[in-house]
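Q: Input: one structure, supplied below.
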Amino acid sequence: DAKTTQPTSMDCAEGRAANLPCNHSTISGNEYVYWYRQIHSQGPQYIIHGLKNNETNEMASLIITEDRKSSTLILPHATLRDTAVYYCIVRAGGTSYGKLTFGQGTILTVHP
Amino acid sequence: GAGVSQSPSNKVTEKGKDVELRCDPISGHTALYWYRQSLGQGLEFLIYFQGNSAPDKSGLPSDRFSAERTGGSVSTLTIQRTQQEDSAVYLCASSSWGSIGAGELFFGEGSRLTVL
Numbered sequence: 001d002a003k004t005t006q007p008t009s010m011d012c013a014e015g016r017a018a019n020l021p022c023n024h025s026t027i028s029g030n031e032y033v034y035w036y037r038q039i040h041s042q043g044p045q046y047i048i049h050g051l052k053n054n055e056t057n058e059m060a061s062l063i064i065t066e067d068r069k070s071s072t073l074i075l076p077h078a079t080l081r082d083t084a085v086y087y088c089i090v091r092a093g094g095t096s097y098g099k100l101t102f103g104q105g106t107i108l109t110v111h112p
Numbered sequence: 113g114a115g116v117s118q119s120p121s122n123k124v125t126e127k128g129k130d131v132e133l134r135c136d137p138i139s140g141h142t143a144l145y146w147y148r149q150s151l152g153q154g155l156e157f158l159i160y161f162q163g164n165s166a167p168d169k170s171g172l173p174s175d176r177f178s179a180e181r182t183g184g185s186v187s188t189l190t191i192q193r194t195q196q197e198d199s200a201v202y203l204c205a206s207s208s209w210g211s212i213g214a215g216e217l218f219f220g221e222g223s224r225l226t227v228l
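Right, dumping it as structure tokens:
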């Protein structure tokens, strides 16, 4: 699976949009982009995933560049409860499910 | 159940003892994963099951670690002759094996293992 690069940490003011970038320049055509987050002392939580089109759900939006070499997770109105480690992962779809490989992620701190 | 259930939530053991950690996945999920997370570290993949078979055991750190899954449901991770470096939170996740791009993992709350 392709490697991802994320900033180590980011800050965001409560109520503002949090934009978390991820670089995956070696992504293959059959690899999806997944985002998870881990709030302190809890198991990771799925947020969203996409292949090439932008995606939106009740938690976040995922913007994938046209060349698919990078993506941005957007939390439109961050709250204090969104403080967590955010992981960007790429993984092949189709029959190659297998494991998700977690990197170090981005520590997002939402402050009042 | 509604979510992935793991037991025990906390386990303290003495060096050299064997421990068993249990994972009960979401009903109907055919894939099951074990990860571990040491204090302040990222998630380390251990093994995953598709049904009762384990196509990828590449993350098991040594032959002291083993896992099995029976009936396509409950899984047990066994650590023999525990060492202090085995201290970590052991996380289990399950997923459905469905259409392309699906298969997000649902994690349990983990089993915290402390080896004295």
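Protein sequence lines, in the order shown, are assigned to chains Z and G. Heads up, the first sequence is in our numbering, so the first residue is 1 and it goes up one at a time. Heads up, the second sequence is in our numbering, so the first residue is 113 and it goes up one at a time. Idealized CB from N, CA, C, for every residue including glycine. The structure presented is a predicted model; accordingly, all values stated were derived computationally and were not measured.
1. Cβ closer than 8 Å: which chain Z residues qualify as neighbours of L225 of chain G?
2. Starting from Q42 of chain Z, find everything on chain G with Cβ-Cβ shorter than 9 Å and list it in chain order.
3. For R81 of chain Z, which of helix, strand or coil comes out of DSSP?
4. Examine chain G for any beta-carbon lying closer than 8 Å to the beta-carbon of Q6 of chain Z, and answer yes or no.
5. Looking only at DSSP bridge pairs, what is P112 of chain Z linked to?
6. For a test of the three-state rule: what should DSSP assign to A60 of chain Z, helix, strand or coil?
7. Is DSSP giving E197 of chain G helix, strand or coil here?
8. Is there contact here, the stretch 161-176 of chain G with the stretch 51-63 of chain Z, by at least three beta-carbon pairs under 8 Å?
9. Jot down the residue ranges of each uninterrupted beta strand (DSSP E) in the stretch 138-200 of chain G, minimum 3 residues, whole runs only, in chain order.
10. Does the stretch 70-87 of chain Z come into contact with the stretch 118-125 of chain G, if we say contact requires no fewer than three beta-carbon pairs (one atom in each stretch) closer than 8 Å?
A: By the coordinates alone:
1. Position 113 of the second sequence, counting from 1, holds the residue named residue 225 of chain G. Think of a sphere of 8 Å around the beta carbon of L225 of chain G: no beta carbon from chain Z falls inside it, the nearest being about 15 Å out.
2. As a position in the first sequence, residue 42 of chain Z is number 42, starting the count at 1. F219, E221, G222, listed in chain order.
3. By 1-based counting over the first sequence, the position of residue 81 of chain Z is 81. R81 of chain Z falls in the helix class under three-state DSSP.
4. Position 6 of the first sequence, counted from the first residue, corresponds to residue 6 of chain Z. No, Q6 of chain Z lies away from the interface with chain G (no Cβ there is under 8 Å from its Cβ).
5. Position 112 of the first sequence, counted from the first residue, corresponds to residue 112 of chain Z. None; P112 of chain Z has no bridge partner.
6. In the first sequence, the residue the question calls residue 60 of chain Z occupies position 60. Reduced to three states, the DSSP call for A60 of chain Z is coil.
7. Translated into the one-based positions of the second sequence, residue 197 of chain G becomes position 85. Reduced to three states, the DSSP call for E197 of chain G is helix.
8. By the Cβ rule, the stretch 161-176 of chain G does not count as touching the stretch 51-63 of chain Z, because fewer than three pairs are nearer than 8 Å.
9. 143-149, 156-162, 165-168, 177-181, 187-191
10. no
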